Amino acid sequence: MKFAKSLILAVPAFMVLPAYALDVTLAPGELASRMPLIQGTAEVRLVLKGSATAADMALLRDLPDNITILDMSDLSLEWNVVPANLVSGTAVAELKLPRNAESLADNALAVTNLREVEIPASVTQVGDYALAGNHKLVKVVVKGSPAFGAGVFYDSPLLSEVEMTTPLRKVSRAMFKGCRSLTAIPVGVTEIGDEAFRGSGLLQADLSSVTAAGSYAFADCPDLCQVMFGTGDIQLGTGVFYGDMGLAELPQWEGNVPPLMGASSAAYTTRTINSPEIGEAAFANNRRFSSLALGPAVRAVKADAFRNADSLKKINAVQLGENVPDVDVTSFAGLESSDGTYDITLTVGLNAKEAWQQHPVWRLFRLQGETTGLAEFPDASGISITRNGAVVTVATNDPIDIAEVYDLRGIRLFEGGNGFDRLDIDIPATDIIVVRVRTADGAVKIAKLR
5 MKFAKSLILA VPAFMVLPAY ALDVTLAPGE LASRMPLIQG TAEVRLVLKG
55 SATAADMALL RDLPDNITIL DMSDLSLEWN VVPANLVSGT AVAELKLPRN
105 AESLADNALA VTNLREVEIP ASVTQVGDYA LAGNHKLVKV VVKGSPAFGA
155 GVFYDSPLLS EVEMTTPLRK VSRAMFKGCR SLTAIPVGVT EIGDEAFRGS
205 GLLQADLSSV TAAGSYAFAD CPDLCQVMFG TGDIQLGTGV FYGDMGLAEL
255 PQWEGNVPPL MGASSAAYTT RTINSPEIGE AAFANNRRFS SLALGPAVRA
305 VKADAFRNAD SLKKINAVQL GENVPDVDVT SFAGLESSDG TYDITLTVGL
355 NAKEAWQQHP VWRLFRLQGE TTGLAEFPDA SGISITRNGA VVTVATNDPI
405 DIAEVYDLRG IRLFEGGNGF DRLDIDIPAT DIIVVRVRTA DGAVKIAKLR
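Counting from 1 along the sequence shown, just add 4 to a position and that's the residue number in the numbering used here.
In structure tokens, the structure reads:
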């Protein structure tokens, strides 16, 4: 008995067979006559060559669903402009733009099935919302250095990578709004427009080289947990960190405190606010502020600045001396006791207390006057305060009630330690500091350390 022999060729799962293509060479205005051929093809890849008009491009919205790859890299486009809604509503997932494209019109590649796209070096202008609403877009490669319009990548939730040949200097208005998979600001950015990253997936915002961040630039970013500022001034817009509940701390910065800056968020500054103006509702509904230090530059606290910030219990204004800042009657609204006073300790300079008592709003706080405590007190039994470089060590026999560290300007650098009998506190080694420790048995020690 004879058996027929057969040869079976197995294709490994990792191999991708080349897609066959339908090649179409066009003269201007000719695409309409070629559409029956295109719509009848079973191929997945369409290659367009030659020259085409804007009217030709409008016909691409009628591509059949089997075409998922569109290659126009050898196509010359009339007016050098990629028109609006080029492949909107089609199944095209991979696209190569015309070789002479110089501009993407508003909404040019908006609301498509694109997964990845390359913007060629010839493009100098990307219009408003040019790639917006692309719910499958993962990666964009920008070969040149075009100017970007507003909302270019708006509502592209899977976009996680934007590769730039030339560093992006200015992030336009709403450019990455709603890009939930974008976790970092592109390298080299110096200016950020209104709502630029609103509702995005940023984990941190490195603003060390940024001079301006517009209104609501980082608002409603649920994963944003760290912000870094540079040493120079930065202009911050209204509500810049509004609604950022994951943002635990704002470092010291130079510049303004704009309205709604950290409202309805967890953004909290552990150091002094030293801006001429704390804007309207800057930290309204913020539950993170337990204490607040006001620097010598503060001149006004605007309406609703700390409205409903119900964790606020201490304000240190020693640095202001007798320069009592203006404060609106609603600045601390929602924090009043039944008698109209505030159960918030307001610490001012010992010699300035009378000036604060004369103010119609500040006098409603629990005013206390004190010096910065620069004199070195005798040892209290059982309390040891030592310093080794940048580390201050507090050791006690009884549990610590409170430990505080101040610099020579009266700025509180640290407060805490309740219940501990040892603390190692990191403080810049160049600072001369005053450390005050009180233990549970009432013993107090204050020491000035170099």
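Note that beta-carbon positions come from the ideal geometry of N, C-alpha and C, so glycine has one too. Keep in mind the model is a prediction, meaning the values are calculated, not measured.
{"Check": "Per DSSP, what kind of secondary structure is I42 in: helix, strand or coil?", "Outcome": "helix"}
{"Check": "Where DSSP assigns a beta bridge to D428, which residues make up the other side?", "Outcome": "T397"}
{"Check": "What is the rounded straight-line gap between the Cα of A459 and the Cα of A56?", "Outcome": "Outside the displayed span of the chain (5 to 454) sits residue 459, for which this structure offers no information."}
{"Check": "Within 10 angstroms of the Cβ of V333, are there 16 or more other Cβ atoms? Answer buried if so, exposed if not.", "Outcome": "exposed"}
{"Check": "Within 10 Å of its beta-carbon, does L41 have 16 or more other beta-carbons around it, so buried, or fewer, so exposed?", "Outcome": "exposed"}
{"Check": "Could you name the residues that DSSP lists as bridge partners for T460?", "Outcome": "A question about residue 460 goes unanswered here, because the residues of the chain that appear run from 5 up to 454."}
{"Check": "Taking 9 Å as the CB-CB limit, is A216 close to chain C?", "Outcome": "Within the model displayed, chain C is absent; a lone protein chain is all it includes."}
{"Check": "What is the residue span of the beta strand (DSSP E) that K452 lies within?", "Outcome": "448-453"}
{"Check": "In chain order, what residues of the same chain lie with their CB nearer than 6 Å to the CB of L67, ignoring the 5 residues before and after it?", "Outcome": "T94"}
{"Check": "In or out: D43 buried (at least 16 other Cβ within 10 Å) or exposed?", "Outcome": "For clarity, residue 43 is Gln in the given sequence; the question names Asp instead. Exposed, because fewer than 16 other Cβ atoms sit within 10 Å of the Cβ of Q43."}
{"Check": "List the DSSP bridge partners of M168.", "Outcome": "V146"}
{"Check": "With DSSP collapsed to three states, give me the class of D27.", "Outcome": "strand"}
{"Check": "If you draw a straight line from the C-alpha of T29 to the C-alpha of K53, how long is it?", "Outcome": "5 Å"}
{"Check": "Determine the contact status of A459 and V231, defining contact as a CB-CB distance below 9 Å.", "Outcome": "Because residue 459 is not part of the residues shown, which for the chain are 5 to 454, the question remains open."}
{"Check": "Along the chain, where does the alpha helix (DSSP H) that runs through D60 open and close?", "Outcome": "58-62"}
{"Check": "Does the beta-carbon distance from S204 to C183 come in below 9 Å?", "Outcome": "yes"}
{"Check": "Closest to E165 by C-alpha separation, out of N104, L172, T187, T116, would be which residue?", "Outcome": "T187"}
{"Check": "Look up L254 in the DSSP assignment and say whether it is helix, strand or coil.", "Outcome": "strand"}
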